[in-house]
Amino acid sequence: MPFTLVHVGKPALEVLLTIPGGLLFGALALRGRSMLGPFLLHWTLAASVDVWVNLGGLRADWRRPAEQYQGDRREDSQIKRRYDVGV
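7 is the number of the first residue of the sequence shown in the working numbering; add one for each residue after it.
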């Protein structure tokens, strides 16, 4: 439970996933008699998510419904320009 409480204030999915994650990390720590394994696993997971997001793996508006994009020509043209190879 403390593992989950530390993540309060972050996105809901992340907080919910800390419950099974905390159980897994706790089991790994008990089995290995060390916090080093869970610490390194948590650090690697957090670092890889940060790298993935910074490389463009997740857009800031990923939850916007498709109907909100209709008629938004200015934003569409900006997005197309950003990803066009020839520009």
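From the three backbone atoms N, C-alpha and C, an ideal C-beta is built for every residue, glycine too. As the structure is a computational prediction, the values presented were derived from the model and not from experiment.
By the CB criterion at 9 Å, Gly38 and Phe9 fall outside the cutoff. Counting along the chain, the unbroken alpha helix (DSSP H) around His48 starts and ends at 42 to 58. CA-to-CA, the gap between His13 and Trp49 works out to about 14 Å. About 12 Å separates the beta carbons of Ala33 and Met41, which is beyond the 8 Å limit, so they are not a contact pair.
In the DSSP assignment, Gly38 falls within the unbroken alpha helix (DSSP H) covering 18 to 38.
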